[in-house]
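**Q** Residues in the sequence shown are numbered consecutively from 11, following this note's numbering.
I am attaching a structure below and will ask some questions about it afterwards.
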Amino acid sequence: MKDSPYIAIAANINKTAWRAPKSQSGDGFSKAFLEYLMLLYTPDEAEVARHLKVINDIFSTTIEPASFMTATQLAIISGQPLQEVNKVLKQMSDKNIVVNMRKIIKASSITWPIKTVAVLWNTYRGEGLKEVARILISFIRNSLENMNEYGLKSGFEFISMRLYAFPHISLLKNIQNLHDQVSPEVLKGAELYKKFFIEDKFYKFYETGAKGTPLYRTIPVAKTIDPEQKILDTEEAHKIIDAAASATLVPCPCRERTEKLGIRECKERNPIGSCIMLGLMGQAMEGMGLGRPATKKQAKDYLDAMMEMGLVATTENSEENTSRVICMCCECCCSEVRGRTRWDNPTAVAPSNYLPKSNRTICTFCGRCADRCLFHAITVDKNDKKWKLKPELCIGCGVCAVGCEQSAVKLHRVERHQPFKTPQDLYKHINMENR
Numbered sequence: 011m012k013d014s015p016y017i018a019i020a021a022n023i024n025k026t027a028w029r030a031p032k033s034q035s036g037d038g039f040s041k042a043f044l045e046y047l048m049l050l051y052t053p054d055e056a057e058v059a060r061h062l063k064v065i066n067d068i069f070s071t072t073i074e075p076a077s078f079m080t081a082t083q084l085a086i087i088s089g090q091p092l093q094e095v096n097k098v099l100k101q102m103s104d105k106n107i108v109v110n111m112r113k114i115i116k117a118s119s120i121t122w123p124i125k126t127v128a129v130l131w132n133t134y135r136g137e138g139l140k141e142v143a144r145i146l147i148s149f150i151r152n153s154l155e156n157m158n159e160y161g162l163k164s165g166f167e168f169i170s171m172r173l174y175a176f177p178h179i180s181l182l183k184n185i186q187n188l189h190d191q192v193s194p195e196v197l198k199g200a201e202l203y204k205k206f207f208i209e210d211k212f213y214k215f216y217e218t219g220a221k222g223t224p225l226y227r228t229i230p231v232a233k234t235i236d237p238e239q240k241i242l243d244t245e246e247a248h249k250i251i252d253a254a255a256s257a258t259l260v261p262c263p264c265r266e267r268t269e270k271l272g273i274r275e276c277k278e279r280n281p282i283g284s285c286i287m288l289g290l291m292g293q294a295m296e297g298m299g300l301g302r303p304a305t306k307k308q309a310k311d312y313l314d315a316m317m318e319m320g321l322v323a324t325t326e327n328s329e330e331n332t333s334r335v336i337c338m339c340c341e342c343c344c345s346e347v348r349g350r351t352r353w354d355n356p357t358a359v360a361p362s363n364y365l366p367k368s369n370r371t372i373c374t375f376c377g378r379c380a381d382r383c384l385f386h387a388i389t390v391d392k393n394d395k396k397w398k399l400k401p402e403l404c405i406g407c408g409v410c411a412v413g414c415e416q417s418a419v420k421l422h423r424v425e426r427h428q429p430f431k432t433p434q435d436l437y438k439h440i441n442m443e444n445r
């Protein structure tokens, strides 16, 4: 097992900020995770995949050329025939267990130059033409470096976007549940997830860093906030959607997984629904056939509808980013929120800079806000007419305010958390904690 390609893959993942799932004793990789890799990758696929670089962090706003490799490059490094490497890469690409740049930009052999410029322009236009040019120059420079080291053919593959990378673990652990198809392999994968993510406690390195720094943060919507309170564009859900180049609705893998296993507790309350992926991330999911495009209005309307149902909106714990995911979380299925509601990870999901207050003059003490709170932060005594908040349990999501028929509950600003400036800052910090 020492020379196993699956251990090599896990070792590559372990170099990233999230690291790879370990056994509970910490003396090796989780056996369930290695078995999960074996479920996804055939031995032939694993022998190629072991040489791929893991794609740069999930929340990066940059298509990092250095994270990608060409088929010719992989053939030289692995010592396998190029024809066989191309065949295996196609197999993995068809199964979405490898990141294929051509699929991300939805380009054919003819349209790739136009598609590349279009994707870069849509993603970076807010940062100006200079940034678009910088990324294009980066690709040209990396293609020349690739050509110098691996030959003319590899360099041409690079510049024409015939590029591949290994998926980050967030995509890898969810790939079987970004659709509603059920098979014995999908069910086995879901059971293995329970073992390596929950039983082996990988969630402590996925929801947060080892010292408790949360990877995600809470984002309310403006209508739940008292109008006299300060609201920053980077902490309000609708503004975050407005700032993105595009929006994509992708099936929620967390509720898909529990639904397939027959253990979804919120089945009567919530649909499986979707995550809202913005910018380049959403475009990548569309290219992989795993999401459907939405207008910004549709995305905002969808978010509002899910909050009405009682779901919490969360996004990554950084400010400056146009490529991100907004998760609509329940307390029983979500890989992020469950750290607070079901597992021993109390700092999972950073709170917003708001706490709810009730206007006692119009509050009817009906208790609806308390019933809607996923974190049991509100108690209402209907007889004594008392409304009480436990701020240490409240994440400031605004679900209580959305459901208040009297508009008595509103969020008020209380400085509690400062997100990281950029996703790169966030991941550097998480990486330091997890070493």
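Glycine included, C-beta positions come from ideal geometry on N, C-alpha and C.
(1) Specify the secondary structure class of residue 58 as computed by DSSP and reduced to three states.
(2) With DSSP as the reference, identify every bridge partner of residue 209, one or two as the case may be.
(3) Can you give me the Cβ contacts of residue 243 inside the same chain, cut-off strictly under 6 Å, excluding the 5 residues immediately before and after it?
(4) Report the partner residues of residue 79 according to the DSSP bridge assignment.
(5) What is the C-beta distance between residue 350 and residue 385, in whole angstroms, given that I count them as a contact (C-beta under 8 Å)?
(6) Going by beta-carbon coordinates alone, are residue 227 and residue 88 separated by less than 9 Å?
(7) Should the stretch 49-63 be called in touch with the stretch 17-25, which here means at least 3 C-beta pairs below 8 Å?
(8) Should residue 80 be labelled buried (16 or more other beta-carbon atoms within 10 Å of its own) or exposed?
(9) Within a Cβ cutoff of 7 Å, which residues of the same chain sit near residue 310, ignoring the five residues on either side of it in sequence?
(10) With residue 268 as the anchor, note down where its alpha helix (DSSP H) starts and where it stops.
(11) Determine, using beta carbons only, whether residue 49 and residue 202 come nearer to each other than 9 Å.
(12) Tell me whether residue 417 sits in a helix, a strand or coil according to DSSP, three-state version.
(13) Ordered along the chain, which non-local residues of its own chain (more than five positions away) have a Cβ less than 6 Å from that of residue 298?
(14) Taking C-beta to C-beta, are residue 98 and residue 176 nearer than 9 Å?
(15) Whole angstroms are fine: how far does the CA of residue 388 sit from the CA of residue 245?
(16) Assuming residue 210 and residue 34 are in contact, meaning their beta carbons sit under 8 Å apart, how far apart are those beta carbons, in whole angstroms?
(17) Note down, in chain order, each residue of its chain lying with its Cβ closer than 6 Å to the Cβ of residue 398, except the 5 sequence neighbours on either side.
(18) Can you list, in chain order, the residues of its chain whose CB lies under 7 Å from that of residue 85, leaving out five sequence neighbours each side?
(19) Looking only at its own chain, which residues have a Cβ that is under 8 Å from the Cβ of residue 313, when we skip the five neighbours before and after it?
(20) Going by the DSSP bridge assignment, what does residue 360 pair with across the sheet?
(21) Would you mind reading off the limits of the alpha helix (DSSP H) that contains residue 463?
**A** Taking the geometry as given:
(1) Translated into positions along the sequence shown, residue 58 becomes position 48. DSSP places residue 58 in helix when its eight states are reduced to three.
(2) Your numbering for residue 209 matches position 199 in the sequence shown. In the DSSP output, where bridge partners are listed per residue, residue 209 has none listed.
(3) Taking the sequence shown and counting its residues from 1, one reaches residue 243 at position 233. Here the set comprises 249.
(4) Start at 1 with the first residue of the sequence shown, and residue 79 comes out as number 69. Residue 79 is bridged to 174.
(5) Position 340 of the sequence shown holds residue 350. Position 375 of the sequence shown holds residue 385. Indeed they touch by this definition, with Cβ atoms about 6 Å apart.
(6) What you label residue 227 is simply residue 217 of the sequence shown in a count that begins at 1. What you label residue 88 is simply residue 78 of the sequence shown in a count that begins at 1. No, the Cβ-Cβ distance between residue 227 and residue 88 is not below 9 Å.
(7) yes
(8) Position 70 of the sequence shown, counted from the start, is the residue given in the question as residue 80. That one is buried.
(9) Within the sequence shown, the letter at position 300 stands for residue 310. Closer than 7 Å at the Cβ level, and outside the excluded window around residue 310, lie 248 and 251.
(10) As a first step, residue 268 is located in the sequence shown; it is residue number 258 there, counting from the start. First-last of the alpha helix (DSSP H) with residue 268: 263-271.
(11) Residue numbering aside, residue 49 sits at position 39 when the sequence shown is read from its first letter. Residue numbering aside, residue 202 sits at position 192 when the sequence shown is read from its first letter. Yes, Cβ-Cβ distance for residue 49 and residue 202 is below 9 Å.
(12) The residue you call residue 417 lines up with position 407 of the sequence shown. Looking at residue 417 - three-state DSSP - the assignment turns out to be coil, as it is neither helix nor strand.
(13) Position 288 of the sequence shown, counting from 1, holds the residue named residue 298. Counting only Cβ-Cβ distances below 6 Å, and skipping sequence neighbours, we find 106 and 113.
(14) The count along the sequence shown starts at 1 and reaches residue 98 at position 88. The count along the sequence shown starts at 1 and reaches residue 176 at position 166. Taking 9 Å as the Cβ cut-off, residue 98 and residue 176 do not qualify as a contacting pair.
(15) Within the sequence shown, residue 245 is the residue found at index 235, counting from 1. Within the sequence shown, residue 388 is the residue found at index 378, counting from 1. The alpha-carbon atoms of residue 245 and residue 388 are separated by roughly 23 Å.
(16) In the sequence shown, residue 210 corresponds to position 200, counting from 1. In the sequence shown, residue 34 corresponds to position 24, counting from 1. Confirmed, about 5 Å.
(17) Taking the sequence shown and counting its residues from 1, the one referred to as residue 398 is at position 388. Closer than 6 Å at Cβ, skipping near neighbours: 389.
(18) Counting from one through the sequence shown, the residue named residue 85 turns up at place 75. Around residue 85: 91, 92 and 95.
(19) Taking the sequence shown and counting its residues from 1, one reaches residue 313 at position 303. Here the set comprises 231, 247, 248, 251, 286, 323, 336 and 338.
(20) Along the sequence shown, one-based indexing puts residue 360 at 350. According to DSSP, which records beta bridges pairwise, residue 360 is partnered with 227.
(21) Examination of residue 463 is not possible in this model, given that the chain is present from 11 through 445 alone.
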